[in-house]
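**Student:**
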Amino acid sequence: MSAPVATSAFSKDNPFPAKVTENRLLNKPGSSKETRHFVVNLGDSGLHYKAGDSLGVFPTNRPVEVAEILEKIGATGDELVSPAMLKLSTPIPLREALSHRLALGSPTSKIISTLFAKATDANEKARLEALLKPEAKDALAGYLDEREYIDILSEFPNTKLTPQELVDHLRKLMPRLYSIASSSRVYPNEIHLTVAIVRYTTNHRERHGVCSTFLADRVRVSETPTPVFVSNSHFGPPEDTTKDAIMVGPGTGIAPFRAFVQDRIAAGATGRNWVFFGDQKSHTDFLYQEEWETYLAEGKITHLDLAWSRDQILKVYVQDKMREKAAELWSWIKGGGHFFVCGDAKRMAKDVDQALHDIIAEQGGMTIEQAQDYVKQMKKDKRYQRDVY
Ligand SMILES: Cc1cc2nc3c(=O)[nH]c(=O)nc-3n(C[C@H](O)[C@H](O)[C@H](O)COP(=O)(O)OP(=O)(O)OC[C@H]3O[C@@H](n4cnc5c(N)ncnc54)[C@H](O)[C@@H]3O)c2cc1C
Ligand SMILES: NC(=O)c1ccc[n+]([C@@H]2O[C@H](COP(=O)([O-])OP(=O)(O)OC[C@H]3O[C@@H](n4cnc5c(N)ncnc54)[C@H](OP(=O)(O)O)[C@@H]3O)[C@@H](O)[C@H]2O)c1
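Here this note's numbering is used: the sequence shown runs in plain steps of one and ends on residue 372.
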């Protein structure tokens, strides 16, 4: 049932300078989340995508942070540099390297060693030496974890790195992937994204996730060229449109399932759809509420099970909703249904996987080992697919 995928001149190595035509906050006032809906116009790129694919976005760093780094090392930004990680044939201006090509976060111990080797200020040298002591390994890891390069340059103001020395410590700025939240059957020339904007504080400094805040704050709607590429995936709705689909996607994990449901409706799929969604609060965090409620009212999705983790004292998660509906869930799976999970990899996907095993064992009258074999077979048959991050 996949839409045909044609080739385009644009790829990860040659990203398309797309325009973002919509940037809309999905959470309501009072939410502690900032999740945004973006529409990326594919223009004349010839780019095609299918439900389940991701969009790669090449961000740039925040100009204020770049300016602060230049100020700390006493550079203008015009200095030519050849960052080791980039393996360039010709040098580029420092400002361009810091803005577009290098990551300014996640410092390693190498910068501390370099500063120690260069330090002439006794106080700074002693502090750097203390961080490098073998017994301070954990303290150093904690120190680096709380900091970006700008913090370290600020904390050792008398130990100056040259522009080339600085860039040789920095990693390449990598593109970020986002699950596509639209179907090309419905939006052939657009890609929709559902992005959680990353903002937090460490070491008394406000941090800004590079790519999510690039999209939220720095890309001007319909103006800023935004380099993107389509990353094809094996993740996708059932090829056999008669098969049922169970989709578990809390938070931004809902993104690909918005695409799956649009796609299955447009393709005239006869298999049923069951969506499990969850987030913090029902009043503020019900992403795409009107769309889901309309689909439900029109019978385009059979079930919509919602888990609000912070509407009550005890947390309720999507896997709790799965357990409540264990008998029916098993009947869908036993009948050949496909099971999909998207979102947080560290905790949610593991807990949902456990719930799936438990439900199959209990409802299917199986031992734990038999349930494990059943789930392995589901994976082999591509009936259990995950897109987790
Ligand atoms: C296949 C795939 C699909 C994805 N789909 C989506 C999607 O649909 N929507 C979506 O929003 N994201 C999605 N992601 C994640 C996305 O690619 C980015 O990782 C995410 O947007 C963060 O990138 P960033 O550049 O904004 O943040 P970065 O600058 O990369 O910063 C993120 C880092 O900040 C740190 N951090 C974050 N919060 C805190 C905190 N509270 N305290 C301390 N440290 C913290 C963590 O180390 C984290 O790794 C997907 C990832 C993959 C691999
Ligand atoms: N590094 C981390 O510790 C961390 C933590 C969260 C999210 N993230 C990442 O942040 C990004 C965006 O997150 P998001 O906005 O999509 O949503 P999210 O933070 O994953 O939260 C969505 C919903 O899932 C709930 N949840 C938390 N733990 C869960 C679990 N074990 N099982 C099931 N549900 C669980 C949350 O509840 P509560 O928040 O009320 O518990 C919330 O209701 C993702 O990339 C995610 O991986 C990272």
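From the three backbone atoms N, C-alpha and C, an ideal C-beta is built for every residue, glycine too.
When DSSP builds the beta bridges, which residues end up paired with MET230?
**Tutor:** DSSP output for MET230 lists VAL258, PHE323 as bridge partner(s).
**Student:** Below 8 Å on the Cβ atoms is my guess for LEU115 versus SER96; work out the distance and round it to an integer in Å.
**Tutor:** The pair is a contact, with the Cβ atoms about 6 Å apart (cut-off 8 Å).
**Student:** If you drop the 5 nearest sequence neighbours on each side, which residues of the same chain put their C-beta closer than 7 Å to that of THR185?
**Tutor:** Excluding sequence neighbours, THR185 sits near GLU129.
**Student:** Would DSSP call ASP288 helix, strand or coil?
**Tutor:** ASP288: strand per DSSP, three-state reduction.
**Student:** Quick one, which of ARG168, GLU148, PHE99 has its alpha-carbon nearest ALA252's?
**Tutor:** For the residues ARG168, GLU148, PHE99, the minimum Cα distance to ALA252 belongs to ARG168.
**Student:** To the nearest angstrom, how far is the alpha carbon of LYS359 from that of PRO239?
**Tutor:** C-alpha separation (whole angstroms): 23 Å.
**Student:** Let me make sure I understand the geometry here. Which of LYS308, TYR132, ARG241 has the alpha-carbon closest to that of THR91?
**Tutor:** With distances taken between Cα atoms, THR91 lies closest to TYR132.
**Student:** Would you say the segment -8 to 9 touches the segment 201 to 209, given that touching needs at least three Cβ pairs under 8 Å?
**Tutor:** These segments touch.
**Student:** What do you reckon, is the C-beta of THR235 under 7 Å from a heavy atom of ligand 2?
**Tutor:** True, at least one ligand heavy atom lies under 7 Å from that Cβ.
**Student:** Sorted by chain position, which residues of the same chain lie with C-beta nearer than 8 Å to ARG182's C-beta, five sequence neighbours on each side aside?
**Tutor:** Here the set comprises GLU17, GLU189, ARG190, HIS191, GLY192, THR196.
**Student:** Where does PHE243 sit, in a helix, a strand or coil, going by DSSP?
**Tutor:** Correct three-state label for PHE243: helix.
**Student:** So for SER(-15), helix, strand or coil by DSSP?
**Tutor:** In this predicted model, SER(-15) has a pLDDT of only 49, less than 50, meaning its place in the structure is not dependable; the value taken from the coordinates is given anyway. Three-state result, SER(-15): coil.
**Student:** Using three-state DSSP, classify GLN368 as helix, strand or coil.
**Tutor:** Three-state result, GLN368: strand.
**Student:** Can you tell me which of the three DSSP states LEU69 falls into?
**Tutor:** Reduced to three states, the DSSP call for LEU69 is helix.
**Student:** Within the segment 45 to 122, note down every full alpha helix (DSSP H) run reaching 4 residues or more, in order along the chain.
**Tutor:** Correct list: 46 to 56, 92 to 101, 105 to 115.
**Student:** Rounded to a whole number of angstroms, what is the C-alpha to C-alpha distance between ARG366 and CYS325?
**Tutor:** When rounded, the distance between both Cα atoms is 14 Å.
**Student:** For the structure I just gave you, are there three or more beta carbon pairs, one from the segment 242 to 250 and one from the segment 25 to 37, closer than 8 Å?
**Tutor:** With the cut-off at 8 Å, the segment 242 to 250 and the segment 25 to 37 touch.
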